[in-house]
Amino acid sequence: MSAYPVVPLSDLVTEAKPGFACGEEDPDGVFQLRMNNVTRTGEIDLSRKRYVPRDHAALPSSTLSAGDVLFNATNSPDLVGKTLHFPGLEEPVAFSNHFIRLRVESERLEPRFLARWLQSRFEAGHFKSMCRQWVNQATVGREALLGLKVAVPPIAAQKRIVQVLDQVDALRAKRRKAVALLDSLAHSIFLDVFHADLPGCRQMELPEAFWFQEGPGIRKWQFVESGVKLLNVGNIEKNGELNLGKTHRYISAEEAHGRYSHFLVDAGDLVIASSGISIDDDGLLRTRGSFVDGALLPLCMNTSTIRFKSIPGVSDLYYLRSWLNGVEFRSQITRRVTGSAQLNFGPSHLKELKISLPPIAVQEEFAEKVKKIDSMKLLHQNHLAELDALFASLRQRAFRGEPWSQATVPAT
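Encoded structure:
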């Protein structure tokens, strides 16, 4: 039970105004904030900006001020409800009809507290469950939004809550940036070391350089509640982690160690997703890959996952992992990928690929550098996981209406 008054948003909001639709573009006009400009974590994204004519009739009443709260009222079911606390920009900004602009009684409700609260409801799936849906679109109406009830601490407590959440969030952002920089460093080393003029580098058919195998097509009726875990596409994360907690599919130990024994993964295998993958902004397909830790075994391959092993004296899996993220692989596989709604490839496509393979000594030297980078990356990822857990705990306490003591924020 909340220690603070629980009131509907309608009692706290002085304005809840939708934006406007505009099909015209004018490079000399006013920036109109749209759905793509708000990330699913509630941050502003200015990588793609669209400008509308300055003489549009709706502009005078549809511009944003620093401190406005923008609620994404119309989007796909998975994205409806993401919320931005508008930080203000050095140019005029309007907003599209996909958003509702919220302004509040500042003596009773801190706008950043409201934005954090709405974003927490979004991440909990609250808006997906309450929205009206049609043809992959969803909306949360103005009245439904204003009918939501929120526990309202004193304004000083709201500001303290936001301050602490902002501090932890800033630390999370630093860790994410560090991980991204380490990924970039590994790729830069790869590009610097491996090039067409490298002495001893030769072009080979991929099957001559690496052994690979796709998982079997295991049927639903074969799934059991416990046994040997099945490796699924969804377990392979974009950040290179193998997250087996995302799925709960098993086959019996008898089947795994019997008819499917040759599909059991070994520690150190490199596994990739060959389905459920997408085309990047550069027009090339990008897959996801992870090394398998022995602590995760036993683990059985499943359809649309492919594992690789190096050939002793010829190849190294750390080189392969970087090559899979490079242009040589991505350009070749993009030309061969099949499917429209869901892109996929398989061993038959991989057998057609050629790989530029340096001498094994050069590959192994590169692998040692990348292992050190991976170790540093793991430290940052572990700290990020701790910060994520802390942030979730603090936010849950705050928005359940529990009294707050002075929360401790870890050092950078």
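Each residue of the sequence shown is one higher than the one before, starting from 0 at the first, in numbering that gives the first Met the number 0. Glycine is no exception: its CB is placed at the ideal position from the N, C-alpha and C atoms.
Please confirm if the segment 190 to 205 is in contact with the segment 220 to 230, defined as three or more CB-CB distances below 8 Å between the two stretches.
no
Alpha carbon of Glu327 to alpha carbon of Pro110, nearest angstrom
49 Å
Going along the chain, which residues of its own chain have a beta-carbon closer than 7 Å to the beta-carbon of Ile372, five neighbours each way excluded?
Leu181, Leu184, Ala185
Residue interval of the beta strand (DSSP E) (run including His84):
82 to 84
Between the CA atoms of Glu142 and Gln162 - distance to the nearest angstrom
30 Å
Let's see if you can read the secondary structure: which residues bound the alpha helix (DSSP H) around Ser392?
359 to 398
Trp116 bridges to which residues according to DSSP?
DSSP lists no partner for Trp116.
Pull the bridge partners of Gly288 from the DSSP assignment, please.
Ile271
Within 10 angstroms of the Cβ of Asn71, are there 16 or more other Cβ atoms? Answer buried if so, exposed if not.
buried
Rank Asp265, Pro152, Tyr259, Ile99 by C-alpha distance to the C-alpha of Ser309 and give the top, closest one.
Asp265
In whole angstroms, what separates the C-alpha of Gly257 from that of Gly146?
58 Å
Evaluate contact between the segment 290 to 310 and the segment 210 to 218, counting only Cβ atoms and requiring at least three cross-stretch pairs below 8 Å.
yes
Taking the runs of the beta strand (DSSP E) that are 3 residues or longer, which of them lie wholly in the segment 38 to 99?
49 to 51, 68 to 71, 82 to 84, 92 to 94
Out of Lys127, Pro76, Gly288, Gly80, which one is the CA nearest neighbour of Trp116?
Gly80
Identify whether Glu24 lies in helix, strand or coil by the three-state DSSP scheme.
coil
Following the continuous alpha helix (DSSP H) through Thr337, name the residue where it begins and the one where it ends.
Here Thr337 belongs to no alpha helix (DSSP H), and DSSP marks it neither H nor E.
Do Phe307 and Asp268 have their beta-carbon atoms positioned less than 9 Å apart in this structure?
yes
Which value, in whole angstroms, describes the spacing of the CA atoms of Asp279 and Pro4?
48 Å
Restricting to Cα atoms, I'd like to know which of Val270, Asp67, Asn242, Leu108 is closest to Pro7.
Leu108
Outcome for Ala155 when other beta-carbon atoms lying within 10 angstroms are tallied against a minimum of 16:
exposed
Take Asp77 as the anchor and find which of Arg131, Gln166, Arg102, Ser105 has the nearest alpha-carbon.
Arg131
What first and last residue would you give for the alpha helix (DSSP H) that runs through Val192?
154 to 192
Is the Cβ-Cβ distance between Gly334 and Ala150 less than 9 Å?
Before going further, note that residue 334 is Arg rather than Gly in the sequence given. Going by C-beta atoms, Arg334 is not nearer than 9 Å to Ala150.
Is the beta carbon of Val103 less than 9 Å from the beta carbon of Thr13?
yes
Report the option in Asp10, Met34, Gly28 whose CA atom is closest to the CA atom of Gly18.
Met34
Exposed or buried, Gly28, counting other C-beta atoms within 10 Å across all chains shown (16 or more means buried)?
buried
Sort out for me which residues DSSP pairs Ser277 with in a bridge.
Arg285
Does DSSP put Ala15 in a helix, in a strand, or in coil?
strand
Inter-residue CB distance, Leu69 and Phe94 (contact presumed, cutoff 8 Å):
6 Å
Where Ser330 and Leu283 are concerned, what is the direct C-alpha to C-alpha distance, given to the nearest angstrom?
6 Å
Looking at C-beta atoms only, is the number of pairs between the segment 85 to 92 and the segment 59 to 68 that lie closer than 8 Å three or more?
yes
Is it right to say Trp210 is buried, meaning 16 or more other beta carbons lie within 10 angstroms of its own, or is it exposed?
exposed
Since Ser251 sits in a beta bridge, which residues does DSSP pair it with?
Partner(s): none; Ser251 has no beta bridge.
C-alpha gap between Asn324 and Leu170, whole angstroms
28 Å
So, at 7 Å on beta carbons, what are the nonlocal neighbours of Ala208 in its own chain, with the 5 sequence-adjacent residues on each side left out?
Ile310, Val313, Ser314, Ile354, Leu356
Identify whether Pro206 lies in helix, strand or coil by the three-state DSSP scheme.
helix
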